[in-house]
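If you read the sequence shown in the working numbering, its first letter stands for residue 1, the second for the next number, and so on.
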Amino acid sequence: MDILTHTLSGVAIGTVVSSFANSGFKNKLGIVLISGFAGALPDLDAISLWSGFDPTIGNLFNLSESGKDIYSAKFWYSHHAFLHSAFAGLLIAGLLGLISYLIDSKFKGLKNKSFLESLYQKRIIMIGFFLGFLIHLIEDMPTPASNWGGVNFFWPSKSYIGGTGDIWWWNNYDIFLIVFGVMVTNLILHLIQRFAHFDLRKFIVGVFIIGFSIAIIQIKTRDFDFAYSGHSIRYQEFEDKSKQQQKEILGDKLYRMMENFDNKLNIYF
Ligand SMILES: [Zn+2]
């Protein structure tokens, strides 16, 4: 799935998780932003496609394969491998917790706190990070198997899960709009709560569950099978079909708006 939907899904997760924090605006914003960052992070493993990869990172680590080959292969540092696993999400969350603890104890004079106490205190932002990371992995599962056969969710296990081909790699404007809707609605709910008191968590969790359910229905009811393994000679047909589907789902007017937006972006969307 595209990086924009991944990132905003992380932000949407952040709006939910931050409603569980009894802290101020700055802290809640931090949770939302770090969750959005986590939503984008797994695709850092596509860095091997970068044109400067071979002379820099490839050279540094003495890699025998080219970045392009690494991307499609099943090395632990290939696309959809380690960085698309739940373990990576936990490990990076822990590392960020450690860095934050070291900064606190070195510069803020909070020397009396133990590392575990510090982790416990920051548990909500770490949960936001982990769930933002996790939603990315889940969103990649209904895309085609291609060379990987899904994502290496249970790394270090060698099994890949997903790769069902329910949806195309991108052009999932309907899913993007659902994610966008959840994110905006929840941000508005957060704002309203500053002026009117109501059970924010209940509403925010409700909005998220409704959005998540509609997205699953949209994914599971595409009337076309995009599944393929390895390479597909029908690639262009799939690409065209995914756009045609969006036209049918969204109607001409909204589809044209989304296509215009897509054309303005410098990423696969
Ligand atoms: Zn991904």
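All C-beta atoms in this analysis are idealised placements derived from N, C-alpha and C, irrespective of residue type, glycine included.
Residue burial classification, residue i (beta-carbon count within 10 angstroms, cutoff 16)
{"i": "R329", "result": "Given that the chain is displayed from residue 1 to residue 269, the structure contains no residue 329 and the question cannot be resolved."}
{"i": "L137", "result": "buried"}
{"i": "H84", "result": "buried"}
{"i": "M126", "result": "buried"}
{"i": "G132", "result": "buried"}
{"i": "Q236", "result": "exposed"}
{"i": "Y160", "result": "buried"}
{"i": "L134", "result": "buried"}
For residue i, the first and last residue of its enclosing alpha helix (DSSP H)
{"i": "M232", "result": "According to the sequence provided, residue 232 is Ser. The question's Met does not apply to it. Premise fails: S232 is in no alpha helix (DSSP H) and is neither H nor E."}
{"i": "G30", "result": "25-40"}
{"i": "L90", "result": "86-107"}
{"i": "T7", "result": "3-17"}
{"i": "G67", "result": "67-72"}
DSSP three-state assignment for residue i, whether helix, strand or coil
{"i": "A196", "result": "coil"}
{"i": "R201", "result": "helix"}
{"i": "D45", "result": "helix"}
{"i": "K113", "result": "coil"}
{"i": "A215", "result": "helix"}
{"i": "M51", "result": "Strictly speaking, residue 51 in this sequence is Ser, with Met absent from that position. Correct three-state label for S51: coil."}
{"i": "N22", "result": "coil"}
Proximity test, residue i beta-carbon vs ligand 3 heavy atom, cut-off 8 angstroms
{"i": "M258", "result": "With respect to small molecules bound, the structure shown includes ligand 1 and not ligand 3."}
- What alpha helix (DSSP H) runs, 4 residues minimum, are completely inside the segment 120-183? DSSP assignment within the segment 120-183 yields the following whole alpha helix (DSSP H) runs of 4 residues or more, N-terminal first: 123-140.
- Flag this pair as touching only if the segment 41-58 and the segment 208-226 have three or more C-beta atom pairs under 8 angstroms; answer yes or no. no
- Message: Is it the case that the segment 208-218 contacts the segment 171-188, given that we only count it when at least three CB pairs across the two stretches are under 8 angstroms?
- Response: yes
- Query: Does the segment 156-173 touch the segment 57-73, meaning 3 or more C-beta pairs lie closer than 8 angstroms?
  - Reply: By the Cβ test, the segment 57-73 is not in contact with the segment 156-173, since fewer than three Cβ pairs between them sit closer than 8 angstroms.
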